[in-house]
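Participant: Quick note: the sequence shown uses numbering that gives the first Met the number 0, first residue 0, plus one each step.
Every residue gets a Cβ at the ideal spot worked out from N, C-alpha and C, and that includes glycine.
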Amino acid sequence: MSIIVKKFGGATVSTPEKIKEIALKMKMEMSPNDHLVIVVSAMGKTTNNLIELAHQVSSHPSRREMDMLLSVGERISMSLLSMALLDLGLEAISFTGSQAGILTTESHENAFVVNIKPQRLQEELKKNKIIILAGFQGVSEQKKEITTLGRGGSDTSAVAMSAALNAKHCEILKDVPSIFSADPNLIPESKPISTLYYEPLMEMTFWGAKVLHYRSVELAAVKKVKVYIGPSRAQNQIKGTWVTQFASKEMEMTFTKNTKIEKSDNNSNSFERSALLSINVHKKVLQIKIKSKTIQEALSILKKEFVDKEIIFPQMLHIDNSEDKEQVTLILTAPNEVVEQILNTSFSFYVDGNIFATITITGTGFLEFEIQDKILNSLKSSDVELFKVFYSAFSITLLIDSKCADQSVKILHTLI
């Protein structure tokens, strides 16, 4: 018998009615040939509400106590879903991250998974029970402290457990039924992408695509976990996105069909084709400048001050010292509450008070000058100022004023 892991996001378990709907869906879809592990996020806005609650009693909440508090959200979801399944006559049992054997680093609020010992889950699966697992959390390997995996950590929980159990595949089920060419809430005409492989998806999620957390995609690639992102409700007409290890015929078609930007020779039979897949955005990006002759020293200074002030280490987007050999510039992003904490804290280094945004176009063919020219000129004609441009094999990223983020996404999406 094979194991299938299904992860339900916060919006899909936001009410008791939705939880009961998921339970009924599981009963109707269960196959006698499959064992089922369900990973759940906290209900709706529970995590945000708990963060607000913490700040009502403390101006600087302890990160250890924040983990104790925030881990409650997923425990509520897991127990309610288990109850709903039991009420339908199905055998189900819930587990916290620590009970499931998810071992992490010692870092509170942003721990990394170092090992999984899923023996308790395997014992219950042998009894044909449905496992309900609290996402987003684990226990530190050395001190046995409750830890959380940071924003989007339930995705990482699902992929990590899929790898540990050698699951057939991992399903990430959401209200947003697929990976799209842009945020469908901002761009209603954005296109669903049926097939992707790991590399472009890592680019998309690293640079702001919210459909999956970057760390979960990286882990899926390393552990070769097949991932499906799809609708939580069967009545949705969009079929979802499969993420595979290697490029497929479907992937080739995704890259080439309906492409508005092509090579300058305009030859549809060209071996090298240019195609844009998606536009993604980080809307809160900070620029920090540290007096240092080396990048290594600058990062050490940053890490020490963040640890001393109990600030979650941010996602580093770009580092360079090319403009000034005595100074290192760091471009970074973080959850809103962490950005606010950085802006309102005194450091020994300079934090630019301006809020920037990054706009990232993922696809192929960025070495072609005409592609760069069309992307950059489309923003120039709309008076969007570019502060920096970053390149990678699968993407081009533009650093702009955060006030221009939505406008820029809408402009650039017309090129897809």
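How is the beta strand (DSSP E) around G137 delimited, first residue to last?
Facilitator: Q136 to S139
Participant: Three-state secondary structure (DSSP) at D323?
Facilitator: Secondary structure at D323: coil, using DSSP grouped into helix, strand and coil.
Participant: Report all residues from its chain with a CB closer than 6 Å to the CB of Y197; omit the five preceding and five following residues, and keep chain order.
Facilitator: A220
Participant: For F205, which residues of its own chain have a beta-carbon under 6 Å away from its beta-carbon, when the five flanking residues on both sides are left out?
Facilitator: For F205, same chain residues with a beta-carbon under 6 Å away, outside a window of 5 residues either side, are Y213 in chain order.
Participant: I'd like the span of the beta strand (DSSP E) that includes H168, first residue to last.
Facilitator: H168 to K173
Participant: Check V337 in the structure and name its three-state DSSP category.
Facilitator: helix
Participant: State buried or exposed for D33, treating a residue as buried only when at least 16 other CB atoms are found within 10 Å of its CB.
Facilitator: exposed
Participant: What are the uninterrupted segments assigned as beta strand (DSSP E) that are 3 or more residues long and contained completely in the stretch 94-148, given in chain order?
Facilitator: Within the stretch 94-148, the complete beta strand (DSSP E) runs of at least 3 residues fall at 101-103, 112-115, 129-133, 136-139 and 145-147.
Participant: Do L79 and I420 have their beta-carbon atoms positioned less than 9 Å apart in this structure?
Facilitator: For residue 420 there is no data in the structure shown, the boundaries of the chain being 0 and 415.
Participant: Can you list, in chain order, the stretches of the beta strand (DSSP E) that have 3 or more residues and sit fully within the stretch 172-224?
Facilitator: 194-196
Participant: Under three-state DSSP, which class holds G8?
Facilitator: coil
Participant: What is the C-beta distance between A208 and N279, in whole angstroms, given that I count them as a contact (C-beta under 8 Å)?
Facilitator: Indeed, because the Cβ distance is near 4 Å, the residues count as touching under 8 Å.
Participant: Short check: CB of R62 to CB of E309, under 9 Å?
Facilitator: yes
Participant: Here's the rule: buried if 16 or more other CB atoms are within 10 angstroms of the residue's CB, otherwise exposed. What is G418?
Facilitator: No answer is possible for residue 418: the residues shown for the chain start at 0 and end at 415.
Participant: Using only the alpha-carbon positions, how far apart do S291 and V350 sit?
Facilitator: 15 Å
Participant: What did DSSP end up calling H54 once you bin it into helix, strand or coil?
Facilitator: helix
Participant: Go through its chain and collect everything with a Cβ distance to A297's Cβ below 6 Å, but skip five positions before and after it.
Facilitator: I289, S291 and V327
Participant: Taking the CB atoms as reference points, tell me whether F111 and L69 lie closer together than 9 Å.
Facilitator: no
Participant: So, is the C-beta of S394 closer than 9 Å to a C-beta in chain C?
Facilitator: Although the question refers to chain C, the structure presented lacks it and comprises just one protein chain.
Participant: How many Å lie between V224 and K17 at the Cα?
Facilitator: 28 Å
Participant: Taking just the CA atoms, how far does K302 sit from T293?
Facilitator: 14 Å
Participant: Return the Cβ separation of I92 and I130 in integer angstroms, given the expectation that the two are a contact with Cβ distance under 8 Å.
Facilitator: 7 Å
Participant: Would you call the stretch 399-411 in contact with the stretch 373-385, where contact means no fewer than 3 C-beta pairs closer than 8 Å?
Facilitator: yes
Participant: Whose CA, out of P334, Q295 and C169, lies closest to the CA of Q314?
Facilitator: P334
Participant: With Q286 as the anchor, note down where its beta strand (DSSP E) starts and where it stops.
Facilitator: A274 to K290
Participant: Would you call the CB atoms of H107 and D174 closer than 9 Å?
Facilitator: no
Participant: What is the rounded straight-line gap between the Cα of A233 and the Cα of M29?
Facilitator: Whole-angstrom Cα-Cα distance: 14 Å.
Participant: I need the DSSP call for F355, collapsed to helix, strand or coil.
Facilitator: strand
Participant: Going by C-alpha to C-alpha distance, which of A162, I358 and E140 sits closest to K387?
Facilitator: I358
Participant: Could you work out which residue in K6, F355, S391 and M0 is closest to I228 when comparing CA atoms only?
Facilitator: It is K6.
Participant: Would you tell me roughly how many angstroms separate the C-alpha atoms of S1 and A99, rounded to the nearest one?
Facilitator: 19 Å
Participant: Beta carbon of G96, beta carbon of G43: below 9 Å?
Facilitator: No, they are not a contact pair.
Participant: Please name the residue, chosen from L331, S57, K238 and S177, that lies closest to I418 on a Cα-to-Cα basis.
Facilitator: Beyond the ends of the chain as shown, which are 0 and 415, falls residue 418; an answer cannot be given.
Participant: Which of helix, strand or coil does DSSP assign to I310?
Facilitator: coil
Participant: Let's see if you can read the secondary structure: which residues bound the alpha helix (DSSP H) around V383?
Facilitator: Premise fails: V383 is in no alpha helix (DSSP H) and is neither H nor E.
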